[in-house]
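**Q** This note's numbering puts the first residue of the sequence shown at 161, with every later residue one more than the last.
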Amino acid sequence: MEATAAAAAAAAWQPQEEGFKEICGLLEHQISPTSTADKLQIWQQLQNFSQFPDFNNYLAFILSRAEGKSVEIRQAAGLLLKNNLRNAYKTMTPAYQQYIKSELLPCLGAADRHIRSTVGTIISVVVQQGGILGWPELLQALITCLDSNDLNHMEGAMDALSKICEDIPQVLDSDVPGLPDRPIKIILPRLYQFFQSPHTSLKKLALGSVNQYIMLMPAALYASMNQYLQGLFALANDQAAEVRKLVCAAFVQLIEVQPSFLEPHLRDVVEYILQVNKNGDDEVALEACEFWSAYCNAQLPLENLREFLPRLILVLLSNMAYADDDESLAEAEEDESLPDRDQDLKPRFHTSRFHGSDSVEDDDDDIVNVWNLRKCSAAALDVLSNVFGDEILPTLMPVVEAKLAASGDESWKDREAAVLALGAVAEGCIDGLYPHLSQMVEFLIPLLDDKFPLIRSISCWTVSRFSKYIVQESGHQKGYEQFDKVLMGLLRRILDTNKRVQEAACSAFATLEEEAAEDLAPRLEIILQHLMCAFGKYQRRNLRIVYDAIGTLADAVGAELNKPAYLEILMPPLIAKWQQLSNSDKDLFPLLECFTSIAQALGTGFSQFADPVFQRCIAIIQSQQLAKVDPVTAGFLYDKEFIVCSIDLLSGIAEGLGSGIESLVSQSNLRDLLLQCCMDDASDVRQSAFALLGDLARVCAVHLRPRLPEFLDVAAKQLYTPKLKESISVANNACWAIGELAVKVHQEISPIVMTVMPCLVPILQHSEELNNKSLVENSAITLGRLAWVCPEILSPHMEHFMQSWCIALSKIHDDIEKEDAFRGLCAMVRRNPSGALSSLVFMCKAIASWHEIRSEELHNEVCQVLHGYKQMLRNGAWDQYMSALEPPVKEKLLKYQV
161 MEATAAAAAA AAWQPQEEGF KEICGLLEHQ ISPTSTADKL QIWQQLQNFS
211 QFPDFNNYLA FILSRAEGKS VEIRQAAGLL LKNNLRNAYK TMTPAYQQYI
261 KSELLPCLGA ADRHIRSTVG TIISVVVQQG GILGWPELLQ ALITCLDSND
311 LNHMEGAMDA LSKICEDIPQ VLDSDVPGLP DRPIKIILPR LYQFFQSPHT
361 SLKKLALGSV NQYIMLMPAA LYASMNQYLQ GLFALANDQA AEVRKLVCAA
411 FVQLIEVQPS FLEPHLRDVV EYILQVNKNG DDEVALEACE FWSAYCNAQL
461 PLENLREFLP RLILVLLSNM AYADDDESLA EAEEDESLPD RDQDLKPRFH
511 TSRFHGSDSV EDDDDDIVNV WNLRKCSAAA LDVLSNVFGD EILPTLMPVV
561 EAKLAASGDE SWKDREAAVL ALGAVAEGCI DGLYPHLSQM VEFLIPLLDD
611 KFPLIRSISC WTVSRFSKYI VQESGHQKGY EQFDKVLMGL LRRILDTNKR
661 VQEAACSAFA TLEEEAAEDL APRLEIILQH LMCAFGKYQR RNLRIVYDAI
711 GTLADAVGAE LNKPAYLEIL MPPLIAKWQQ LSNSDKDLFP LLECFTSIAQ
761 ALGTGFSQFA DPVFQRCIAI IQSQQLAKVD PVTAGFLYDK EFIVCSIDLL
811 SGIAEGLGSG IESLVSQSNL RDLLLQCCMD DASDVRQSAF ALLGDLARVC
861 AVHLRPRLPE FLDVAAKQLY TPKLKESISV ANNACWAIGE LAVKVHQEIS
911 PIVMTVMPCL VPILQHSEEL NNKSLVENSA ITLGRLAWVC PEILSPHMEH
961 FMQSWCIALS KIHDDIEKED AFRGLCAMVR RNPSGALSSL VFMCKAIASW
1011 HEIRSEELHN EVCQVLHGYK QMLRNGAWDQ YMSALEPPVK EKLLKYQV
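Structural data, given as structure tokens:
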């Protein structure tokens, strides 16, 4: 439809009175808090309304024209419209798109700030969906408003613009037909002008918008950098804290992205940041404090910072003391008997199961997740200690020692900050601290029993930061006594009456468990007694951390846990909790994770608990798959996390029971459910599903056989994707699962070999760019396993992948999977020796990468391959190949009698 025709059609649309009233009524219900049943009913009605093609027109009409309705209802219409457009804008008729756009623009200057702000958000979504070219009138309207001198219009346009800059900054830095310059070049001078506006709201929006472009650094900003910097310097001491905060944010980003611009002004900038950090408003000081980590990470010359170090360390230390209004102070008074409120329960994130060598490290150092000046200062000190090492100790330690020595109740915050400082530098200054470590730990142990709860909690954290060394030293009598004191000290704190201390002690104990591993075995009974006692008395929020400590213990001691005396302490309380929670209760997540670790640790010892756990996982997956399509019948809204945690627990059971899981799988519909999960649209569900597919292939492939072609097909699809980088962990697990299936089903894998091979080879050839060690290793192993079971299919194509494949194989550690891959290599070379000839040097290096081949049969096969080439390459050709190898490689090959 032509634009004019669309405009005419848009003009022709009018709302019906009845529809208008009904939708307003529904919105009124939606904004008043209601029960779950009501929420589901409203959800159902909204779904019904969404079937009408002009539903969004009504919402736009209510937002822009329903003057008689409350601002809350108009805003609710706007927010619903925003969500609908995000999903459906591209499929709407041009006439309706045009109608909505024509309703939005006049509202830019609306009298009510909330309406203006909602309109700004929707405009940004429309631009995200339809691009800047799809709305030619928008830029002109924004510029007209910016130049209007009317505060409402200027603010409305600035609000919309700032959201576009935040969500999709690149659209303003692209060529637009009919405009002489890119939009950003037209808009920047106006933003700089607003830097000098008397209105704080405009200064703030303009500065925030320009800051969004530091990362992208368009030519227009690069060329006007001096003007931008002058603007920043002029605003550095602005009256409004929000503006000063944005100035600091700009300096932090510039030092990360384009430090060369700041270099001529560096001393002044560092001096400014230091001043703000020292006596600025807390929010501004927090933003300024980010500068130090950014500076260290930017790998700029440390010299420029060195002269400021003595002052900087003192500022950081003084900011590490609790502020009087810190919410932790109030929380620290809370007794364990006080139930948690729902808002105390932080969102939790389950990391999907991953097969490979570079599983993501989760950094749990931070005890609580609210970021504030105290934590940012400690983080800065941590980074400085890692960069400057022991040279900060002469400034730091006298102050820390003085604060620790301060007695009296009124100075407890100073003592606490000093303990925090020791923990912050535990990593970076370990060399300088090492000679004094045992005295320091001796000093910290009594602080675990201090009368102030926040000193008890920080002492737990700081002790845990030294846990590696405490465990290392436990080999001799004195070191073991200290290790035991720390262990018992933390266990006492796990049973503290203060929630905050419980949390810190459990987290610290989990860190100690990871370091000590099987050294905990002699103390297992007393550890379990303490953990299960905590399990019985903790409120909901801290229960999650006990689960984590139990799971970490199981990972640490493994099969040691499989003794009746220990299981009698551990299992009954967990099973009672398991029976008490419903299938849609989110408190199940950490329990599912905990059972996963226990199942893996107990091995076949888990079989006595396996049946109900297995059945429940199946039931959870089924009920969630129902909720996905029909939440009303299911009685709750879909949440994929339940599926991911349940699949991962099934993987844990498969790993623990081995082939003992077979009877459970054969009597369930797991196969069909799993196939559905392998095709899910959420990548973390697919990631866990392919991990389980591989785990089941190992122990009971026979039960996957009826749908094997479908499993293989969907697994291969994960590798054949232009968006490989976005779902690299899914591809990794799918690739591993194909290899596990191959070695179990042999020839049945043959139909997909030629689908998978063209996907694996590019991964090996572009291993540098992919920068994902695990995916490259799994691809090399899976290619080898396919070659082992179907050498006749792959050997004709050897020369295309031999070199990059051998390079990848030579980087893999000795293990069973590497043995399989080399069986494939030998099988292919036997069929097509000339195919590997051009890569013989790389093949020799791959063979030399073995520390030792444990399998005698494979060792002999490798000998035969090398001998075969030696006989084939006569007249000095073999010696010529050998001379291309480094001496250590040649030496390794002697094992194979060549």
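The beta-carbon is built from N, C-alpha and C at its ideal position, and this holds for glycine as well. Just so you know, these numbers come straight off a predicted model, no measurement behind them.
To the nearest angstrom, report how far apart K746 and L997 are at their CA atoms.
**A** Taking the sequence shown and counting its residues from 1, one reaches residue 746 at position 586. Taking the sequence shown and counting its residues from 1, one reaches residue 997 at position 837. Approximately 58 Å between the Cα atoms of the pair.
**Q** In whole angstroms, what separates the C-alpha of W1060 from that of H1019?
**A** Lying before the first or after the last residue shown, residue 1060 is absent from the chain, which here runs from 161 to 1058.
**Q** Report the three-state DSSP secondary structure of W738 (helix, strand or coil).
**A** Along the sequence shown, read from residue 1 onward, the residue named residue 738 stands at position 578. Reduced to three states, the DSSP call for W738 is helix.
**Q** Considering only C-alpha positions, which residue in the set V336, A317, T278, E232 is nearest to W295?
**A** Within the sequence shown, residue 295 is the residue found at index 135, counting from 1. Minimum Cα distance to W295 is reached at V336.
**Q** What does the alpha-carbon distance come out to for the pair D656 and C620?
**A** The count along the sequence shown starts at 1 and reaches residue 656 at position 496. The count along the sequence shown starts at 1 and reaches residue 620 at position 460. Cα to Cα, D656 sits roughly 12 Å from C620.
**Q** Quick one: Cα of Y1056 to Cα of S1015, how far?
**A** By 1-based counting over the sequence shown, the position of residue 1056 is 896. By 1-based counting over the sequence shown, the position of residue 1015 is 855. Straight-line Cα distance between these residues: approximately 13 Å.
**Q** In terms of alpha-carbon separation, which member of V717, N658, S277 lies closest to R683?
**A** The residue labelled residue 683 in the question sits at position 523 within the sequence shown. It is V717 whose Cα lies nearest to the Cα of R683.
**Q** What does the Cβ neighbour count give for A490, buried or exposed, with the cut at 16 atoms within 10 Å?
**A** Translated into the one-based positions of the sequence shown, residue 490 becomes position 330. Exposed: under 16 other Cβ atoms inside 10 Å.
**Q** DSSP state of L608, grouped into three classes?
**A** Reading the sequence shown from its first residue, position 448 is the one you call residue 608. L608 falls in the coil class under three-state DSSP.
**Q** According to the Cβ coordinates, are A875 and I898 closer than 8 Å?
**A** Here residue 875 corresponds to residue number 715 of the sequence shown, with the count starting at 1. Here residue 898 corresponds to residue number 738 of the sequence shown, with the count starting at 1. Result yes, Cβ atoms of A875 and I898 sit closer than 8 Å.
**Q** For R983 and N992, what's the separation of their Cα atoms in angstroms?
**A** What you label residue 983 is simply residue 823 of the sequence shown in a count that begins at 1. What you label residue 992 is simply residue 832 of the sequence shown in a count that begins at 1. Computed Cα separation, rounded: 14 Å.
**Q** Tell me whether C589 sits in a helix, a strand or coil according to DSSP, three-state version.
**A** In the sequence shown, counting from the first residue as 1, residue 589 sits at position 429. C589 falls in the coil class under three-state DSSP.
**Q** Taking D610 as the reference, give the member of G583, S634, N658, V585 with the closest Cα.
**A** The residue labelled residue 610 in the question sits at position 450 within the sequence shown. Ranking the options by Cα distance to D610, first place goes to N658.
**Q** Taking the alpha-carbon of V661 as reference, which of V623, T622, P613, S627 has the nearest alpha-carbon?
**A** Within the sequence shown, numbered from 1, the residue matching residue 661 stands at position 501. That would be P613, whose Cα lies nearest to the Cα of V661.
**Q** Can you grab the Cα-Cα spacing for the pair P918 / I807, in whole Å?
**A** For the purposes of this step, residue 918 is identified with residue 758 of the sequence shown, where counting begins at 1. For the purposes of this step, residue 807 is identified with residue 647 of the sequence shown, where counting begins at 1. Each residue's alpha carbon lies about 30 Å from the other.
**Q** Contact defined as beta carbons within less than 8 Å: I believe A270 pairs with G316. What is the distance between those atoms, to the nearest angstrom?
**A** Here residue 270 refers to the residue found at position 110 when the sequence shown is read from its first residue. Here residue 316 refers to the residue found at position 156 when the sequence shown is read from its first residue. Yes, they are in contact, since the Cβ atoms of A270 and G316 sit about 7 Å apart, within 8 Å.
**Q** Which term fits N457, buried or exposed, when burial requires 16 or more other beta carbons within 10 angstroms of its beta carbon?
**A** Counting from one through the sequence shown, the residue named residue 457 turns up at place 297. Under this definition N457 is an exposed residue.
**Q** Compare the Cα-Cα distances from G795 to each of W173, K199, Q174 and report the closest residue.
**A** Mapped onto the sequence shown, residue 795 falls at position 635. The shortest C-alpha separation from G795 is found at K199.
**Q** Determine the direct distance from the alpha carbon of K438 to that of E674, and round the result to whole angstroms.
**A** If you number the sequence shown from 1, residue 674 lands on position 514. If you number the sequence shown from 1, residue 438 lands on position 278. C-alpha separation (whole angstroms): 38 Å.
**Q** So for R342, helix, strand or coil by DSSP?
**A** The sequence position of residue 342 within the sequence shown is 182, counting from 1. It is coil, neither helix nor strand.
**Q** Looking only at its chain, what residues have a beta carbon closer than 6 Å to the beta carbon of F332, apart from the 5 residues adjacent to it on each side?
**A** As a position in the sequence shown, residue 332 is number 172, starting the count at 1. The sequence as given places Leu at residue 332; Phe does not occur at that position. Counting only Cβ-Cβ distances below 6 Å, and skipping sequence neighbours, we find P343, I344.
**Q** Taking the straight line between their C-alpha atoms, what separation do you get for P175 and H313?
**A** Within the sequence shown, numbered from 1, the residue matching residue 175 stands at position 15. Within the sequence shown, numbered from 1, the residue matching residue 313 stands at position 153. The straight-line gap from Cα to Cα measures roughly 27 Å.
**Q** Could you compute how far the alpha carbon of V792 sits from the alpha carbon of D574?
**A** Counted from its first residue, the sequence shown places residue 792 at position 632. Counted from its first residue, the sequence shown places residue 574 at position 414. Near 55 Å, if we compare the C-alpha coordinates of D574 and V792.
**Q** Run through DSSP, which three-state label would H1019 get?
**A** Against the sequence shown, residue 1019 aligns to sequence position 859. Correct three-state label for H1019: helix.
**Q** At which residues does the alpha helix (DSSP H) containing N938 begin and terminate?
**A** One-based indexing of the sequence shown puts residue 938 at position 778. Unbroken alpha helix (DSSP H) run through N938: 933-949.
**Q** Starting from C267, follow the alpha helix (DSSP H) in both directions and report where the run begins and ends.
**A** Numbered from its first residue, the sequence shown carries residue 267 at position 107. Taken as a continuous stretch (DSSP letters only), C267 belongs to no alpha helix (DSSP H), as it is neither H nor E.
**Q** Quick one: residues in its chain with C-beta nearer than 7 Å to the C-beta of M385, no 5 flanking neighbours on either side, listed in chain order?
**A** Within the sequence shown, the letter at position 225 stands for residue 385. Contacts found: F421.
**Q** If you draw a straight line from the alpha carbon of D715 to that of I552, how long is it in whole angstroms?
**A** As a working mapping, residue 715 is identified with position 555 in the sequence shown. As a working mapping, residue 552 is identified with position 392 in the sequence shown. About 37 Å.
**Q** Are Q235 and I202 close, meaning C-beta to C-beta below 8 Å?
**A** To locate residue 235, count along the sequence shown from 1; it is residue 75. To locate residue 202, count along the sequence shown from 1; it is residue 42. Cβ distance not < 8 Å, so Q235 and I202 don't count as in contact.
**Q** Between the C-alpha atoms of A379 and L348, what's the straight-line distance to the nearest angstrom?
**A** What you label residue 379 is simply residue 219 of the sequence shown in a count that begins at 1. What you label residue 348 is simply residue 188 of the sequence shown in a count that begins at 1. Roughly 11 Å separates the two Cα atoms.
**Q** Tell whether a beta-carbon distance below 8 Å holds between G820 and A759.
**A** Residue numbering aside, residue 820 sits at position 660 when the sequence shown is read from its first letter. Residue numbering aside, residue 759 sits at position 599 when the sequence shown is read from its first letter. No, Cβ-Cβ distance for G820 and A759 is not below 8 Å.
**Q** So, for I803: in the same chain, excluding its five sequence neighbours on each side, which residues have a beta-carbon less than 7 Å away from its beta-carbon?
**A** Within the sequence shown, numbered from 1, the residue matching residue 803 stands at position 643. I781, Q784, C837, V845, listed in sequence order.
**Q** On the CB-based measure, 16 or more other CB atoms within 10 Å of its CB, does N397 come out buried or exposed?
**A** Numbered from 1 along the sequence shown, position 237 holds the residue referred to as residue 397. The residue is exposed, with fewer than 16 neighbouring Cβ atoms inside 10 Å.
**Q** Going by C-alpha to C-alpha distance, which of L647, A668, Y707, L703 sits closest to I686?
**A** The residue you call residue 686 lines up with position 526 of the sequence shown. When only C-alpha atoms are compared, the closest one is L647.
**Q** Taking C-beta to C-beta, are V825 and L856 nearer than 8 Å?
**A** Numbered from 1 along the sequence shown, position 665 holds the residue referred to as residue 825. Numbered from 1 along the sequence shown, position 696 holds the residue referred to as residue 856. Contact: yes.
**Q** Hey, Q382 and V370: beta-carbon distance below 8 Å or not?
**A** In the sequence shown, the residue the question calls residue 382 occupies position 222. In the sequence shown, the residue the question calls residue 370 occupies position 210. Note that residue 382 is Tyr in the sequence shown here, rather than Gln. No, the Cβ-Cβ distance between Y382 and V370 is not below 8 Å.
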